[in-house]
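Since the structure comes first, as structure tokens, the remarks are kept for the end.
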Amino acid sequence: MSVNVEMLELADKVVGMLINNEEREGLYDHLHMDNWEWPTGVALYSMFKVYKRTGDKKYLDYLVNWYDIQLSKPAPHKNVNTVCPALTMLCLYEETKNEKYLPYINMWAEWAMNEMPRTQYGGMQHMTVLNRHYQQLWADTLFMTVLFLLKAGKVFGKEEYVDEAKYQFLFHIKYLQDKKTGLFYHGWTFDGKHNFAEAFWARGNSWFTSGAVEFLDIYGVDDAVSRLIKNSWIDQVKELVKYQGENGLFNTLVDIEETYYETSATAGIAYGILKGVRLGIIGDEYLEYGRKAAHAVISKIDENGMVQGVSYGTGMGRDLEHYKKIPIAPTAYGQGLTFLMLTELI
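Residue 0 is where the sequence shown starts when you use numbering that gives the first Met the number 0, and the numbers rise one by one after that.
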């Protein structure tokens, strides 16, 4: 199996900004891997993909060591975002068959299945460490929590987990996907029954673009559910590419040209399109859009591996101005999403 060495070296540089930053102090002290959170979870998942693609044991060794360290610490607060690192732990168990991971995997799966707060009609409430977000659905939840629950169900033969994951994807599609355009709103609340600012936030859209292809890959069954998810994904992608800038990037509000271009969303969208073409979910004619987006993201990686042009943490907005005013700064998730994108180019 041939490997694109140039892209592999670039991926190492991008994730190296997180790994090596653990040894530095001062500026960008939030850019590191020493925490059990979703940006780290995305990077870990990408690292496992690079290991499977290259067979290079250094990536596997890093992952084993990372989980050894983190599992020796007190358990983190359970919320939608802290489920994310459990996905790679599950991949690691599947690869190594090391049973020390099982109690932790089961703990996270049971919490997501039976204890995580739900909205009306049983949607996963986007509960974070600081806010329970009462009755709210966010697009982010699909990647952060539902993929793990799906894979746990597949690995351990627990159909109830698989069924719940399928329900959550369909449920989020129902309330977050705009029927006219196919784009995704950032969120929905049953407390007032509205989509907040009705924002087509780019990074929120990218969680479905990337998350749906992961779902279909992990699920691996051609049935009514997978066909509906696939068609929803195709509708979204066909609309997204209409708004891609000449430079290959997407605006932070997809349909509002005067908002700034945003790198992390572009990386997530590029990953989803590239993988979608590879899996045959969408035609080869969409490869040019994925490549254009990927090259645009690569142009935003500086000589040190820092990904530039990333919008800072973005809570739910009650108006569109909220999204326009989010500052730009290097972030761990900017590194992680770019690393994820590069796994499709290696």
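Positions of the beta carbon are idealized from the N, C-alpha and C atoms, including for glycine.
When I18, V306, Y92 and R290 are compared against E245, the one with the closest alpha-carbon
On the sequence shown, residue 245 is found 246 positions in, with the first residue counted as 1. Cα-wise, what sits closest to E245 is R290.
With H, G and I counted as helix, E and B as strand and the rest as coil, what does DSSP make of H171?
On the sequence shown, residue 171 is found 172 positions in, with the first residue counted as 1. H171: helix per DSSP, three-state reduction.
If you drop the 5 nearest sequence neighbours on each side, which residues of the same chain put their C-beta closer than 7 Å to that of A198?
For the purposes of this step, residue 198 is identified with residue 199 of the sequence shown, where counting begins at 1. So the qualifying residues of the chain are Y184, H185, L252, G316, L319 and Y322.
Sub-9 Å separation of F207 and G282 beta-carbons
Start at 1 with the first residue of the sequence shown, and residue 207 comes out as number 208. Start at 1 with the first residue of the sequence shown, and residue 282 comes out as number 283. No, these two residues do not count as a Cβ contact at 9 Å.
Can you give me the C-alpha to C-alpha distance between I367 and K192, rounded to a whole angstrom?
Because residue 367 is not part of the residues shown, which for the chain are 0 to 345, the question remains open.
Go ahead and label Q307 buried or exposed: buried means 16 or more other beta carbons lie within 10 angstroms of its beta carbon, across all protein chains shown.
Looking up residue 307 in the sequence shown gives position 308. Label assigned to Q307: exposed.
What does the Cβ neighbour count give for R202, buried or exposed, with the cut at 16 atoms within 10 Å?
Here residue 202 is taken as the residue at index 203 of the sequence shown, counted from 1. Buried is the call here.
Through-space distance from L248 to K241, alpha-carbon basis
Walking along the sequence shown from the start, residue 241 turns up at place 242. Walking along the sequence shown from the start, residue 248 turns up at place 249. Going from the Cα of K241 to the Cα of L248 covers about 12 Å.
Using 10 angstroms around the beta-carbon of V347, count the other beta-carbons present and answer buried if the total reaches 16, otherwise exposed.
No information on residue 347 is available, as it lies outside the stretch 0 to 345 that the chain covers here.
CA-to-CA distance, A264 to I255, given in whole angstroms
What you label residue 255 is simply residue 256 of the sequence shown in a count that begins at 1. What you label residue 264 is simply residue 265 of the sequence shown in a count that begins at 1. Rounded to whole angstroms, I255 to A264 spans 15 Å at the Cα level.
With H, G and I counted as helix, E and B as strand and the rest as coil, what does DSSP make of F338?
The count along the sequence shown starts at 1 and reaches residue 338 at position 339. Three-state result, F338: helix.
Going by DSSP in three states, V378 sits in which element: helix, strand or coil?
Nothing can be reported for residue 378, as the shown portion of the chain is limited to 0 through 345.
Taking the DSSP output, what are the residues bridged to V145?
By one-based count along the sequence shown, residue 145 stands at place 146. Answer is none; V145 lacks a bridge partner.
Quick one, are the C-beta atoms of V224 and I280 less than 9 Å apart?
To locate residue 224, count along the sequence shown from 1; it is residue 225. To locate residue 280, count along the sequence shown from 1; it is residue 281. No, Cβ-Cβ distance for V224 and I280 is not below 9 Å.
Bridge-paired residues (DSSP) for E261
Mapped onto the sequence shown, residue 261 falls at position 262. Note: E261 sits in a beta bridge opposite F249.
Nearest to T188 by CA position, among D33, Q119 and W37, is which residue?
Taking the first residue of the sequence shown as 1, we reach residue 188 at position 189. For the residues D33, Q119 and W37, the minimum Cα distance to T188 belongs to Q119.
In three-state terms, what does DSSP make of L9?
On the sequence shown, position 10 is the one that residue 9 refers to. Looking at L9 - three-state DSSP - the assignment turns out to be helix.
Neighbour-count burial assignment, E36, 16 or more Cβ in a 10 Å radius
In the sequence shown, the residue the question calls residue 36 occupies position 37. Buried, by the Cβ-count rule.
Taking its Cβ as the centre, do 16 or more other Cβ atoms sit within 10 Å of L129, making it buried, or is it exposed?
Position 130 of the sequence shown, counted from the start, is the residue given in the question as residue 129. Under this definition L129 is an exposed residue.
State the start and end residues of the unbroken alpha helix (DSSP H) segment that holds W137.
Within the sequence shown, numbered from 1, the residue matching residue 137 stands at position 138. Not the alpha helix (DSSP H): W137 falls in the beta strand (DSSP E), residues Q135 to W137.
Note down the Cα distance separating T127 from M340, rounded to an integer number of angstroms.
For the purposes of this step, residue 127 is identified with residue 128 of the sequence shown, where counting begins at 1. For the purposes of this step, residue 340 is identified with residue 341 of the sequence shown, where counting begins at 1. Whole-angstrom Cα-Cα distance: 26 Å.
What is the DSSP secondary structure of T53, reduced to helix, strand or coil?
Mapped onto the sequence shown, residue 53 falls at position 54. In this structure, T53 counts as helix in the three-state DSSP scheme.
Since I believe V41 is in contact with T140 (beta carbons under 8 Å), could you give me their beta-carbon distance rounded to a whole number of angstroms?
On the sequence shown, position 141 is the one that residue 140 refers to. On the sequence shown, position 42 is the one that residue 41 refers to. T140 to V41, Cβ: 14 Å. No contact.
Return the CA-CA distance between Y174 and Y92, expressed in angstroms with no decimal places.
What you label residue 174 is simply residue 175 of the sequence shown in a count that begins at 1. What you label residue 92 is simply residue 93 of the sequence shown in a count that begins at 1. Roughly 34 Å between the two C-alpha positions.
Cutoff 6 Å; reference G25; Cβ partners in own chain excluding five residues on either side
Position 26 of the sequence shown, counted from the first residue, corresponds to residue 25. At G25 the pLDDT is 47, less than 50, meaning the model places this residue with poor confidence; the figure from the coordinates comes in the next sentence. Closer than 6 Å at the Cβ level, and outside the excluded window around G25, lies no residue.
For S45 and L62, I'd like the C-alpha separation in whole angstroms.
In the sequence shown, residue 45 corresponds to position 46, counting from 1. In the sequence shown, residue 62 corresponds to position 63, counting from 1. Answer to the nearest angstrom: the Cα atoms are 11 Å apart.
Shortest alpha-carbon distance to D11 belongs to which of M305, T313, V309 and G314?
As a working mapping, residue 11 is identified with position 12 in the sequence shown. Looking at the Cα atoms, M305 is the closest of the given residues.
Neighbour-count burial assignment, Y218, 16 or more Cβ in a 10 Å radius:
In the sequence shown, the residue the question calls residue 218 occupies position 219. Y218 should be labelled buried.
Residues in the same chain with beta-carbon distance under 7 Å from D190, minus the five sequence neighbours each way, listed in chain order, please.
For the purposes of this step, residue 190 is taken as residue 191 along the sequence shown, with counting starting at 1. Here the set comprises Y133 and Q134.
Restricting to Cα atoms, I'd like to know which of K150, M123 and V236 is closest to P84.
Position 85 of the sequence shown, counted from the start, is the residue given in the question as residue 84. It is K150 whose Cα lies nearest to the Cα of P84.
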